[in-house]
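Worksheet: the structure to be examined is printed underneath.
In the working numbering, the protein residues as written are 153 to 336.
This is the structure in structure tokens:
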């Protein structure tokens, strides 16, 4: 019995520590994890070309060629309509698209397991102003970015099509805006 409580307490502590960097006002810099050149670097040292050679359907059934977004800073966000943290992030993405879209920034939402009939009312309710793609049954595309361990999960791609950073879990608008400013 005591062992179960110890394991549960350890798991709770680990979960609490994993969520610390996403609390408002906290970042890797707050803990001394990033500094100097690392904080100023727009892309990770091992950055590679982003797999943009895919054409996916949007929620209206139109073909969307991801390579056509090259030349913009892209935030590719994997999400789902049932995902609570995704619902928290999306209003910040809408604001960033409004604020920086004219500067060559685009958010692309990829719903991992929803049908267009599920995505459309969600997009209308949240007044989404960026492309919403259907990722259901797009296993090859998801594996190209994966493994996708959970949702939300976001990927930063620079204007040259380089996969710069991966953001796992929920983030604040301020965190995403800080990364965006380094890439613009």
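In this text, a Cβ means the ideal position worked out from N, Cα and C, and glycines have one as well. Source: prediction; values computed, not measured.
So within the stretch 199–272, which uninterrupted alpha helix (DSSP H) runs reach at least 4 residues, ignoring any that extend past its ends? Within the stretch 199–272, the complete alpha helix (DSSP H) runs of at least 4 residues are 236–252.
Compute the distance between the beta-carbons of residue 260 and residue 283, then report whether it is under 8 Å. Against a cut-off of 8 Å, the Cβ pair of residue 283 and residue 260 comes out as a contact.
Which of the three DSSP states is assigned to residue 334 in this structure? Annotated three-state conformation of residue 334 is helix, per DSSP.
Alpha carbon to alpha carbon, what distance is there between residue 330 and residue 177? Unreliable positioning characterises residue 177 in this predicted model, as indicated by a pLDDT of 34, which lies under 50. A coordinate reading is not provided.
Between the CA atoms of residue 206 and residue 219 - distance to the nearest angstrom: Counting only the Cα atoms, residue 206 lies some 7 Å from residue 219.
Within its chain, find whatever has a CB closer than 8 Å to the CB of residue 200; leave out the 5 residues flanking it on each side and keep chain order. The residues are 314, 315.
Could you tell me if residue 229 is buried or exposed, where buried requires 16 or more neighbouring beta carbons within 10 angstroms of its beta carbon? Flag for residue 229 reads buried.
Going straight from the alpha carbon of residue 255 to that of residue 289, what length do you get? Between the C-alpha atoms of residue 255 and residue 289 there is a straight-line separation of about 33 Å.
Taking 8 Å as the cut-off, decide whether the C-beta atoms of residue 227 and residue 301 are in contact. The answer is no: Cβ separation not under 8 Å.
Within 10 angstroms of the Cβ of residue 217, are there 16 or more other Cβ atoms? Answer buried if so, exposed if not. By the 10 Å Cβ count, residue 217 comes out exposed.
With a 10 Å radius around its C-beta and 16 neighbouring C-beta atoms as the bar for buried, classify residue 281 as buried or exposed. Residue 281 comes out exposed.
So for residue 301, helix, strand or coil by DSSP? In the three-state scheme derived from DSSP, where H, G and I count as helix and E and B as strand, residue 301 is classed as coil.
Residue 316 lies in the beta strand (DSSP E); which residues open and close that run? That run of the beta strand (DSSP E) goes 314–320.
Could you round the C-beta distance between residue 211 and residue 272 to whole angstroms and report it? I think they count as a contact, below 8 Å. Residue 211 to residue 272, Cβ: 5 Å. Contact.
C-alpha distance - residue 225 paired with residue 332, whole-angstrom precision: Approximately 8 Å, taken between the alpha carbons.
Counted within 10 angstroms of its Cβ, other Cβ atoms place residue 298 as buried (16 or more) or exposed: The residue is exposed, with fewer than 16 neighbouring Cβ atoms inside 10 Å.
Starting from the C-beta of residue 275, find all residues in its chain whose C-beta is less than 7 Å away, skip the five residues before and the five after it, and write them out in chain order. Within the same chain, Cβ atoms closer than 7 Å to the Cβ of residue 275 are found at 211, 284, the five residues on either side in sequence being excluded.
Given residue 262 as reference, the closest of 253, 335, 208 once Cα atoms are compared: With distances taken between Cα atoms, residue 262 lies closest to 208.
Which residues in the same chain as residue 318 place their Cβ atom closer than 6 Å to its Cβ, once the five residues preceding and following it in sequence are excluded? Sequence-distant Cβ neighbours of residue 318 in its own chain, meaning closer than 6 Å and more than five residues away, are 307.
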